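Shown next, in structure tokens, is the structure this report addresses.
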Amino acid sequence: MLKGKKILLGISGSIAAYKSVILLRLLIKAGAEVKVVMTASAKQFVAPLTLSTLSKNEVLSELSDNDSWSNHVMLGRWADIMVIAPLSCNTLSKMSTGLCDNLLMAVYLSAICPVVVAPAMDEDMWNHATTKDNLKKILSNGNSIIPVEEGELASGLIGPGRMAEPESIIIWLQEYFLEKKSFVGKKILITAGPTHEAIDPVRFIGNHSSGKMGIAVAEEFLKRGADVTLVCGPTSEIIPPGVHVVNVVSAAQMYDACIKEFADANIAVMCAAVADYTITNIADKKIKKDDGKLLLELEKTKDILQSLGASKKEKQFLVGFALETNNEKENALKKLTAKNADMIVLNSLNDSGAGFQHPTNKITIFDKSGKEYEFDTKLKVAVAADIVNTIHQLYNA
Ligand code: C5P
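Numbering-wise (my numbering), the sequence shown opens with residue -14 and increments by one.
Structure (structure tokens):
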């Protein structure tokens, strides 16, 4: 399953680095191509010669060596995944602040591939509040973790902090690559962004949705091999190449596009902040101001999620979003039932770092049985991975 996969193995200074040699050997045996980047202190635990012999690639550790510059950007672009194992407390701290004082950090900061870390530290360091904060930060930045194991530590203490065994890391990677392709052949319909309801040729009623969340969900499905159609309201966000985009402006246009695209979709995720009301009579000329009040007549838009829920076929899976300010759980569950969705993603405007325009979000997911899945505040890309993982779990259940 790892055949042909390009793996960048980052090794930082920890006694657990001896396990990286075994990990490297297992990766090569599994057919992966591996390049190793190590910190200066990692060299005190394992010899670069051992690693270069096993990987059949030069082992890099300095930003420049003998007047030649190590191209950290290309390394991060070359890899399918970067695995930092072991992750020392020091490197974890640098990752959480972006301190770029060695090649491993330069590669990490310029990597466009996913990054997974396998921490290794002594129990007390592992339990320290700062370590927990740093870990939280790097996970919210979209990195993944292979959990530490409990057992005998270098200090002689027994507790949590041991780096995962190389065999466990291999299993994690195999599952990761399997999951990565878990939506091949599936058509996913996603809505994102706000809608604009025209008042006259120059004015509209809109909302603060940026489209970030829906676009992040689209990108996550794309990474996992899906055929993704994004029906998107006005946004200035960049949409990843490979996503089929249907640009719309109004709620009515979004409705028409969704009805058409849902017919052959397997899964639909309605992230858009669709206007609930639209103007009854759009003025065909710019409305002139005068001294009196301007009264606008509004009528309800069609609820797209509800319409899809009503026409949903047995094998189709429907996901809604609920942005709530009060009675959050109750309202989200009501929506889930009323709109015949299979899953609802709740974000509460009461949570700091959640909602419109924020780069981060804090979500709770509910499935049809009312089961609750709670997540920390994370960057929207990491939230998208949580959403897609939960869809994967429920869709295949
Ligand atoms: O009822 P409420 O608007 O809060 O429901 C939010 C969910 O319904 C979101 O998933 C949103 O995309 C969807 N929705 C929709 N069409 C509307 C209004 C909301 O699809 N007209």
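The beta-carbon is built from N, C-alpha and C at its ideal position, and this holds for glycine as well. The structure presented is a predicted model; accordingly, all values stated were derived computationally and were not measured.
Quick check: is any heavy atom of the ligand C5P less than 6 Å from the C-beta of glycine 294? For the ligand C5P, not one heavy atom lies less than 6 Å from the Cβ of glycine 294.
Considering only heavy atoms of the ligand C5P, does any lie closer than 6 Å to the CB of aspartate 352? Result no, Cβ not under 6 Å from the ligand C5P.
Consider the C-beta atom of aspartate 241 and the heavy atoms of the ligand C5P; say whether any pair is separated by less than 6 Å. The answer is no for aspartate 241.
Can the beta-carbon of glycine 218 be found closer than 7 Å to that of glycine 178? Between glycine 218 and glycine 178, the C-beta gap is smaller than 7 Å, which places the two residues in contact.
Taking the alpha-carbon positions, what's the leucine 279 to aspartate 327 distance? Approximately 42 Å between the Cα atoms of the pair.
Distance, Cα to Cα, serine 78 vs valine 216? Serine 78 and valine 216: Cα-Cα distance of roughly 40 Å.
Where the alpha helix (DSSP H) containing histidine 57 begins and where it ends: Counting along the chain, the alpha helix (DSSP H) containing histidine 57 begins and ends at 57 to 63.
If contact is defined by three or more beta carbon pairs under 8 Å, each pair taking one atom from either stretch, is the segment 287 to 302 in contact with the segment 240 to 260? Taking a contact to require three or more Cβ pairs closer than 8 Å, the segment 240 to 260 and the segment 287 to 302 qualify as touching.
Compute the distance between the beta-carbons of serine 125 and alanine 367, then report whether it is under 7 Å. The criterion of a C-beta distance shorter than 7 Å is satisfied by serine 125 and alanine 367.
Consider the C-beta atom of leucine 77 and the heavy atoms of the ligand SAM; say whether any pair is separated by less than 6 Å. The ligand SAM is not part of the structure shown, which contains the ligand C5P as its ligands.
Alanine 317 - containing alpha helix (DSSP H), residue span: Element bounds for alanine 317: 313 to 323.
Going by Cα to Cα distance, which pick from Ile376, Asn335 and Val330 is closest to glutamate 359? Comparing Cα positions, the closest option is Val330.
Valine 68 versus methionine 148 - alpha carbon distance: Distance between the alpha carbons of valine 68 and methionine 148 is about 13 Å.
Within the segment 150 to 225, note down every full beta strand (DSSP E) run reaching 3 residues or more, in order along the chain. Within the segment 150 to 225, the complete beta strand (DSSP E) runs of at least 3 residues are 172 to 177 and 212 to 217.
Roughly how many angstroms separate the alpha carbons of aspartate 241 and phenylalanine 247, rounded to a whole number? Taking the straight line joining both Cα atoms gives about 10 Å.
Whole alpha helix (DSSP H) elements within the segment 71 to 116, 4-residue minimum: Listed in chain order, the complete alpha helix (DSSP H) runs (minimum 4 residues) inside the segment 71 to 116 are 74 to 82, 88 to 95 and 108 to 112.
Would you say leucine 88 and leucine 48 are within 7 Å of each other, going by their C-beta atoms? Annotated as proximal: leucine 88 and leucine 48, with beta-carbon spacing under 7 Å.
Is the closest heavy atom of the ligand C5P to the C-beta of alanine 257 under 6 Å? Within the cutoff, so yes.
What do you reckon, are the CB atoms on isoleucine 224 and valine 202 nearer than 7 Å? At a Cβ-Cβ threshold of 7 Å, isoleucine 224 and valine 202 do not count as neighbours.
Less than 7 Å separating the beta-carbons of valine 92 and leucine 60? Yes; because the gap between Cβ atoms is below 7 Å, this pair is in contact.
Who are the near neighbours of isoleucine 190 in its chain, counting only those whose CB is closer than 6 Å to its CB and skipping five residues on each side? Closer than 6 Å at the Cβ level, and outside the excluded window around isoleucine 190, lie Glu182.
Inter-stretch contact at 8 Å, needing at least 3 Cβ pairs: the segment 281 to 294 / the segment 341 to 353: No, the segment 281 to 294 does not touch the segment 341 to 353.
Are the beta-carbon atoms belonging to threonine 384 and valine 230 less than 7 Å from one another? Residue 384 lies beyond the residue range present for the chain, which begins at -14 and ends at 382; the question has no answer from this structure.
State the DSSP-derived secondary structure class of proline 145, mapped to helix, strand or coil. When DSSP states are grouped into helix, strand and coil, proline 145 belongs to the strand group.
Just reading off the alpha helix (DSSP H) that threonine 263 is part of, what are its end residues? First-last for threonine 263: 262 to 264, but that is the beta strand (DSSP E), not the alpha helix (DSSP H).
Please name the residue, chosen from Glu222, Phe162, Gly136 and Gly141, that lies closest to glutamate 150 on a Cα-to-Cα basis. Closest option to glutamate 150, Cα to Cα, is Gly136.
What is the DSSP secondary structure of methionine 239, reduced to helix, strand or coil? Helix, per DSSP.
Give the straight-line distance between the Cα atoms of cysteine 243 and serine 333, rounded to the nearest whole angstrom. Distance between the alpha carbons of cysteine 243 and serine 333: 26 Å.
Is isoleucine 97 buried or exposed, if buried means 16 or more other CB atoms sit within 10 Å of its CB? Exposed is the call here.
8 Å CB neighbourhood of lysine -10 in its chain, flanking five on each side removed: Closer than 8 Å at the Cβ level, and outside the excluded window around lysine -10, lie Gly16, Ala17, Glu18, Asp65, Ile66, Leu158 and Phe162.
Hey, out of Gln238, Ser81, Leu11 and Glu222, whose CA is closest to asparagine 119's CA? Of the candidates Gln238, Ser81, Leu11 and Glu222, the one whose C-alpha sits nearest the C-alpha of asparagine 119 is Ser81.
Report the option in Ser337, Gly338, Ala339 and Gln291 whose CA atom is closest to the CA atom of lysine 319. Looking at the Cα atoms, Gln291 is the closest of the given residues.
Cα separation between aspartate 314 and methionine 239? In the sequence as presented, aspartate is not what sits at residue 314; that position holds lysine. In this structure, the CA atom of lysine 314 is about 27 Å from the CA atom of methionine 239.
Among Ser153, Ile184 and Ser296, which one has its Cα closest to the Cα of serine 235? Minimum Cα distance to serine 235 is reached at Ile184.
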